[in-house]
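Number of protein chains: 2
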Amino acid sequence: MDRKDKVMEFIAMFEGLRRYRRWFRDHSIPVRKNEMMLLMYLVHNLPSDSVGMQPSELGERLRLTRPTITTMVNGLEGKGYVVRLNDEEDRRVVYVRPTESGMELVREAQANFATNIGDLIDYLGEGDSQELLRIMKRVRQFMDSRKTNEARGTDECGD
Amino acid sequence: MDRKDKVMEFIAMFEGLRRYRRWFRDHSIPVRKNEMMLLMYLVHNLPSDSVGMQPSELGERLRLTRPTITTMVNGLEGKGYVVRLNDEEDRRVVYVRPTESGMELVREAQANFATNIGDLIDYLGEGDSQELLRIMKRVRQFMDSRKTNEARGTDECGD
DNA sequence: GTAAAATAGTTTGCAAGACTAACTATTTTG
DNA sequence: CAAAATAGTTAGTCTTGCAAACTATTTTAC
Chain A
-4 MDRKDKVMEF IAMFEGLRRY RRWFRDHSIP VRKNEMMLLM YLVHNLPSDS VGMQPSELGE
56 RLRLTRPTIT TMVNGLEGKG YVVRLNDEED RRVVYVRPTE SGMELVREAQ ANFATNIGDL
116 IDYLGEGDSQ ELLRIMKRVR QFMDSRKTNE ARGTDECGD
Chain B
-4 MDRKDKVMEF IAMFEGLRRY RRWFRDHSIP VRKNEMMLLM YLVHNLPSDS VGMQPSELGE
56 RLRLTRPTIT TMVNGLEGKG YVVRLNDEED RRVVYVRPTE SGMELVREAQ ANFATNIGDL
116 IDYLGEGDSQ ELLRIMKRVR QFMDSRKTNE ARGTDECGD
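These protein sequence lines are chains A and B, in that order.
Per the working numbering, residue -4 is the first one in the first sequence, and the count goes up by one each step.
Per the working numbering, residue -4 is the first one in the second sequence, and the count goes up by one each step.
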């Protein structure tokens, strides 16, 4: 395959993927989709011994800027799905922590997500879905290294 | 791996990817990114014997609604990168066609895209990049079949 | 052969998502 | 201790994309 064609195929692939969230547009959930994603990330990736995750760390993990995280956390906090906790050592620091009701919301939403994404996993089969995850982790690694290189000298992720 | 974990991994994968476009945020290009994507699609997928592509078809291919396509075409037309042509047989129909300057813009932008995505392809290597495209085509197939099932009885793509 | 339905595209108005720049409050460093 | 750095927030804005309602044309059904 021609190099240029391959680049175009990659672009088409990424474009097609960007709108995957519509699969599980669920009007019944009481938070926005990006808030739901943040909450799910938090529930699944918060170490059990940890009091919460900092907005700045959430931003890095999800590739979003801090102001964006602030807005999302505001929404979730207003509805009682997360709480903000202050660090008494370093009073600049805030920890975000899901509440019981936040964890419950994630459990409910997961049935919905699992149906759609589960179907995809079934469709792909064990081999290809495993393989996809493996390769996509490498893509993510590439993205992260690229971001680090470009972030020199700027306040934040810089783009 | 637990089924629920796998679903979460897929979600994290998709989320991380959604913002891939920032790689080639190029402030020098004189159109919006979504307009650029439309233009690239048009230039690369318009059969050489065809006078242009209909907005409705563009919408299907790119998974966007017709009003969205209208807006994007307006932007591109205003800057002279595409033209609208009327079908004399069926006067409801419009064809969108890139101009010379539109094709030139795509050629220029491609150097930029090729650098970034080309680096990714190099990073992944021949095997994994080929494999990724193959699996992602299957993901897209799944998405398309899913969309068709849900679109029954609605005006348009329905979500 | 015309009235109703369907189709193609557009206009309008809006909501979600995410950004930058500028700000406050704290902590670290020279 | 003053200056720089860090964490988070606020304010304002831009992009993307949608749904609903509209116009114009063509097809269908009686």
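All residues carry an ideal CB built from backbone N, CA and C; glycine is no exception.
CB contact check: residue i to chain B, cutoff 9 Å
i: L127 of chain A; result: yes
i: I116 of chain A; result: yes
i: L57 of chain A; result: yes
i: S51 of chain A; result: no
i: V46 of chain A; result: no
i: V2 of chain A; result: yes
i: D123 of chain A; result: yes
i: M98 of chain A; result: no
i: R61 of chain A; result: no
i: R27 of chain A; result: no
i: T143 of chain A; result: With a pLDDT of 49 at T143 of chain A, under the threshold of 50, the predicted position of this residue should be treated as unreliable, and no value is reported.
Chain A within 9 Å of residue i, Cβ atoms only
i: K132 of chain B; result: yes
i: M67 of chain B; result: no
i: Q105 of chain B; result: yes
i: G191 of chain B; result: The structure shown has nothing for residue 191 of chain B, since chain B only spans -4 to 154.
i: G162 of chain B; result: Residue coverage of chain B in this structure runs from -4 to 154, which leaves residue 162 of chain B outside it and unanswerable.
i: I6 of chain B; result: yes
i: L119 of chain B; result: yes
i: Y90 of chain B; result: no
Contact set for residue i: own chain, Cβ-Cβ below 7 Å, skip 5 residues either direction
i: M31 of chain B; result: I24 and A104
i: E83 of chain A; result: none
i: E99 of chain B; result: none
i: R16 of chain A; result: K28
i: V78 of chain A; result: E72, R92 and T94
i: P50 of chain B; result: R61, I64, T65, V68, V89 and V91
i: D44 of chain A; result: none
Nonlocal neighbours in the same chain, by C-beta distance under 8 Å from residue i, ignoring five residues either side
i: N29 of chain B; result: M67
i: L33 of chain A; result: L53, L57, I64, M67, V68 and L71
i: D75 of chain A; result: Sequence check: residue 75 of chain A is Gly here, not Asp. The residues are T94, S96 and G97.
i: L41 of chain A; result: G47, M48, R92 and P93
i: V26 of chain B; result: L34, G70, L71, K74, Y76 and L100
Same chain only: Cβ atoms within 6 Å of residue i, ignoring 5 sequence neighbours per side
i: D154 of chain B; result: In this prediction, D154 of chain B scores a pLDDT of 32, lower than 50, which makes its location untrustworthy; the coordinate-derived value is nonetheless stated afterwards. Excluding sequence neighbours, D154 of chain B sits near nothing in its chain.
i: P62 of chain B; result: none
Inter-residue CB distance, residue i and residue j (contact presumed, cutoff 8 Å)
i: L37 of chain B; j: M48 of chain B; result: 6 Å
i: I130 of chain B; j: L127 of chain A; result: 5 Å
i: I6 of chain A; j: M35 of chain B; result: 7 Å
i: D123 of chain B; j: R135 of chain A; result: Not confirmed; about 13 Å, so no contact.
Where residue i meets chain A, residues with beta-carbon distance less than 8 Å
i: G113 of chain B; result: R(-2) and V2
i: L41 of chain B; result: None at all; the shortest Cβ gap to chain A is about 13 Å.
Interface residues of chain B facing residue i [CB-CB closer than 9 Å]
i: L12 of chain A; result: F9, L12, R13, Y15, M131, V134, R135 and M138
Listed by chain order, chain A residues near residue i by CB distance under 7 Å
i: M32 of chain B; result: E10
Heavy atom of the ligand COA within 8 Å of residue i beta-carbon
i: K28 of chain B; result: Looking at this structure, you won't find the ligand COA or any other ligand, since it has none at all.
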